[in-house]
Amino acid sequence: MAAGPSIRIATAIGLTLCLPIVGAAQPVGVEVRPRIGLALGGGSARGLAHVDVLEWLEEHRIPVDVIAGTSIGGLAGGGYATGRSAADVRALIETIDWDEMFRGEVAYPSKAFRRKEDRREFPVGLEFGVRDGLRLAPGLDPGHEIGLFVSRLALPYAAPLHCDDLPIPFRAVATDLEAAVPLALDRGSRAGALRATMAIPGIFEPIVLDDRFLADGGLLNNVPADVARAMGADIVIAVDVGEPLGRREALTSLVAVANQAIVVMMAPRTLAVLDQYADHVIAPAVEHVRSDAWRDFEEIRQEGYDGAAAAGGALRELSLSPGAWARHLDARHRRQVNTSVDHVAFVRVEGVDAAAANDFEAYLFGTDADVPLSWAALEERLTTVAGGWRYGSLGYDLVEFEGQAGAAVVVREKPHGPPFLNVALAFENEALALRLATHFTAYDVWVRDAEARVDVELGTDVGVKAEYLVPLARSPWFIAPSVALRRATRSFGGGQDPPASYRIRRARVGLDLGLTLGTRSELRVGYSAGSLDGKGRRVTTSPLPRLQGGEHGARWAR
Numbered sequence: 005m006a007a008g009p010s011i012r013i014a015t016a017i018g019l020t021l022c023l024p025i026v027g028a029a030q031p032v033g034v035e036v037r038p039r040i041g042l043a044l045g046g047g048s049a050r051g052l053a054h055v056d057v058l059e060w061l062e063e064h065r066i067p068v069d070v071i072a073g074t075s076i077g078g079l080a081g082g083g084y085a086t087g088r089s090a091a092d093v094r095a096l097i098e099t100i101d102w103d104e105m106f107r108g109e110v111a112y113p114s115k116a117f118r119r120k121e122d123r124r125e126f127p128v129g130l131e132f133g134v135r136d137g138l139r140l141a142p143g144l145d146p147g148h149e150i151g152l153f154v155s156r157l158a159l160p161y162a163a164p165l166h167c168d169d170l171p172i173p174f175r176a177v178a179t180d181l182e183a184a185v186p187l188a189l190d191r192g193s194r195a196g197a198l199r200a201t202m203a204i205p206g207i208f209e210p211i212v213l214d215d216r217f218l219a220d221g222g223l224l225n226n227v228p229a230d231v232a233r234a235m236g237a238d239i240v241i242a243v244d245v246g247e248p249l250g251r252r253e254a255l256t257s258l259v260a261v262a263n264q265a266i267v268v269m270m271a272p273r274t275l276a277v278l279d280q281y282a283d284h285v286i287a288p289a290v291e292h293v294r295s296d297a298w299r300d301f302e303e304i305r306q307e308g309y310d311g312a313a314a315a316g317g318a319l320r321e322l323s324l325s326p327g328a329w330a331r332h333l334d335a336r337h338r339r340q341v342n343t344s345v346d347h348v349a350f351v352r353v354e355g356v357d358a359a360a361a362n363d364f365e366a367y368l369f370g371t372d373a374d375v376p377l378s379w380a381a382l383e384e385r386l387t388t389v390a391g392g393w394r395y396g397s398l399g400y401d402l403v404e405f406e407g408q409a410g411a412a413v414v415v416r417e418k419p420h421g422p423p424f425l426n427v428a429l430a431f432e433n434e435a436l437a438l439r440l441a442t443h444f445t446a447y448d449v450w451v452r453d454a455e456a457r458v459d460v461e462l463g464t465d466v467g468v469k470a471e472y473l474v475p476l477a478r479s480p481w482f483i484a485p486s487v488a489l490r491r492a493t494r495s496f497g498g499g500q501d502p503p504a505s506y507r508i509r510r511a512r513v514g515l516d517l518g519l520t521l522g523t524r525s526e527l528r529v530g531y532s533a534g535s536l537d538g539k540g541r542r543v544t545t546s547p548l549p550r551l552q553g554g555e556h557g558a559r560w561a562r
């Protein structure tokens with residue numbers, strides 16, 4: 005272990021007594037004390053214990069001068085570093101809808117109308133990309149909802165930001181997956197840094213930040229006590245909420261063994277960092293807490309408070325007098341920014357080409373200049389764009405220009421597509437019918453913003469259906485030519501009648517004129533023509549009439 009706090013405090017006092025001899029005296033009323041750093045570790049839901057560790061430190065007037073955080077520790081530490089109190093951080097965490105945060109895709113009501121149709125036909129959210137061969141996404145969740153949350157958390161601090169300029173200097177720790185090194189992110193997009201440190205491999209997609217491919221910092225530095233020390237801390241308090249090693253009796257599945265392997269790889273590095281750089285280690289009793297137990301916030305945060313209290317004997321030596329604590333809070337408050345961010349004065353879009361950026365800006369900012377754009381309205385529109393399924397996630401940073409506060413929107417495209425391929429498999433027990441269907445979607449086919457959809461069905465019934473949808477003059481109006489081929493078998497009969505069936509072959513072409521009405525509905529009027537050939541079969545010798553001829557029809561659909 006590094007030198008204990010009592011030795012460091014004694015050294016600081018000794019140096020103070022020597023100041024009249026070796027240098028100028030300190031100003032009257034200035035209390036010389038060691039600089040205290042806080043290292044908050046990763047641990048998924050177990051990291052909710054950090055909230056009440058902060059509350060215990062505040063209750064006992066123990067200042068925090070620098071913070072380093074990994075994963076959920078980065079989220080809690082990042083919120084506290086903005087000058088929020090521990091109670092404010094707790095209230096912020098309580099507002100999170102964890103089901104929404106980890107849904108893996110935009111909520112159904114926010115999806116584009118055609119994407120709602122796709123989800124009804126293909127309810128399993130397994131999506132393949134076909135950009136460079138068939139491949140899955142690099143994570144189950146592109147991270148749109150958590151991206152919006154960290155963007156909101158970063159307000160009202162404008163980017164680019166040096167994290168030493170926060171009320172409490174802060175570092176979010178991420179892992180560079182290409183260079184295999186941990187990174188203490190100290191400047192640039194604070195929302196991006198928090199999004200990177202939370203990019204749990206396999207769950208959230210990694211992100212590109214300053215041309216680095218970043219994921220969760222816990223892979224290489226789960227409790228960054230060394231980062232807090234490098235930030236100038238004399239004494240480091242580390243909070244370890246990492247996943248414990250499981251017993252062999254619990255390692256009975258592929259997932260459990262793979263998870264244990266990751267913990268085994270992380271453990272030596274974590275222990276070495278704590279041993280060398282941490283003066284105090286708080287280890288809340290959260291071994292029993294599952295990684296996904298986000299709804300157990302009250303129980304988990306209480307474990308954090310109890311864990312801090314258990315280490316309280318040594319930590320209380322760091323407590324300030326009431327007067328010094330008041331001066332500390334006042335200094336922290338004076339470092340907070342007072343920028344007004346009631347509404348968005350302008351929008352700037354990054355991550356797409358210039359033409360797409362112009363379209364995004366026009367949509368996001370709206371056409372009514374007399375109605376100010378709120379941050380909530382901006383997030384709602386970003387979610388609507390993400391609901392079109394083409395882009396993975398959209399976040400934003402606060403930026404300032406000529407005294408006005410605006411949003412720099414970051415659009416992150418999906419790395420595996422478009423085009424996209426969805427798969428559905430169904431088996432109907434009563435009819436003994438098997439269905440394997442694929443849905444292929446491509447964008448910008450021949451014409452910008454045009455969408456091509458091809459559905460192929462194999463099994464008891466066989467068919468292919470294709471539609472090419474083209475917006476008219478970049479408006480909600482569109483035309484949609486289509487073609488469909490299908491072979492299906494339909495059985496009927498009941499009571500004492502022997503069963504009979506028709507094998508039907510149908511070919512159809514059509515053309516629709518339509519209007520997209522937001523995300524909820526679509527109006528279409530169209531005409532189709534085709535042919536039908538149906539051969540009847542019965543188990544008796546009585547023949548069934550043959551169905552054969554042309555089909556024509558007009559339709560109105562909503």
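This note's numbering applies: residue 5 is where the sequence shown begins, and numbers increase by one.
Don't be surprised by glycine CBs; every beta carbon is placed ideally from N, CA and C.
By the CB criterion at 8 Å, F117 and H443 fall outside the cutoff.
Per DSSP, E125 has no beta bridge partner at all. Per DSSP, reduced to three states, the secondary structure at E321 is helical. Contact between the segment 407-424 and the segment 130-144 is established, with three or more Cβ pairs separated by less than 8 Å. DSSP, read as helix, strand or coil, puts P475 in strand.
By a beta-carbon distance limit of 8 Å, V293 contacts R50. Their separation comes to about 5 Å.
As computed with DSSP, L223 is found in no beta bridge at all. Sixteen is the threshold: when 16 or more other Cβ atoms of the shown chains lie within 10 Å of the Cβ of H284, as they do, the residue is buried. Counting every other CB atom within 10 Å of its CB across the protein chains shown gives L42 a total of 16 or more, marking it as buried. For G392, no beta strand (DSSP E) run applies, since DSSP gives it neither H nor E.
By the neighbour-count criterion, in which 16 or more other beta carbons inside 10 Å mark a residue as buried, F364 falls on the buried side.
The segment 52-67 and the segment 305-313 touch, with three or more beta-carbon pairs separated by less than 8 Å. The shortest C-alpha to C-alpha distance from R507 to any of A477, L517 and K539 is the one to K539.
Proximity of the segment 185-199 to the segment 213-232 meets the contact definition, three or more beta-carbon pairs being nearer than 8 Å. Beta-carbon to beta-carbon, R39 and D238 are separated by about 5 Å, close enough to satisfy the 8 Å threshold.
S535 counts as exposed, since fewer than 16 other beta carbons sit within 10 angstroms of its beta carbon. The Cβ atoms of A409 and A361 do not sit closer than 8 Å to each other. In the structure shown, P480 falls within a coil segment according to DSSP collapsed to helix, strand and coil.
The C-alpha of A200 lies about 6 Å from the C-alpha of A178.
If you check the CB distance, V245 and V290 come in under 8 Å. DSSP places I211 inside the beta strand (DSSP E), whose first and last residues are I211 to L213. Contact between the segment 166-184 and the segment 60-76 is present: three or more C-beta pairs spanning the two stretches fall below 8 Å. Within the DSSP bridge table, the entry for F405 names Q408 as partners. Per DSSP, V356 lies in no beta strand (DSSP E) and is assigned neither H nor E. F482 and F301 have their alpha carbons spaced roughly 48 Å apart. Residues P480, W481 and L527 of the same chain have their beta carbon placed closer than 6 Å to that of L519, with the five preceding and five following residues left out of the count. A Cβ-Cβ distance of about 3 Å is found for the pair R490 and G467, placing them in contact under the 8 Å criterion. A check of alpha carbon separations from V529 across E354, A558 and P376 identifies A558 as the nearest. Nearest in C-alpha terms to P248, of all of V240, G236, V268 and D101, is V268. Residue pairing by DSSP places R139 opposite G133 in a beta bridge.
In the structure shown, the three-state DSSP call for W379 is helix. Looking at the backbone, the Cα of W298 and that of E98 are separated by about 10 Å. Between the segment 62-69 and the segment 210-220, the count of C-beta pairs closer than 8 Å stays below three; the two stretches do not touch.
Of the other Cβ atoms in all chains shown, 16 or more fall within 10 Å of the Cβ of R416; this residue is therefore buried. V415 is bridged by DSSP to L398. Taking the Cβ atoms as the reference, R273 lies roughly 7 Å from L224, within the contact range of under 8 Å.
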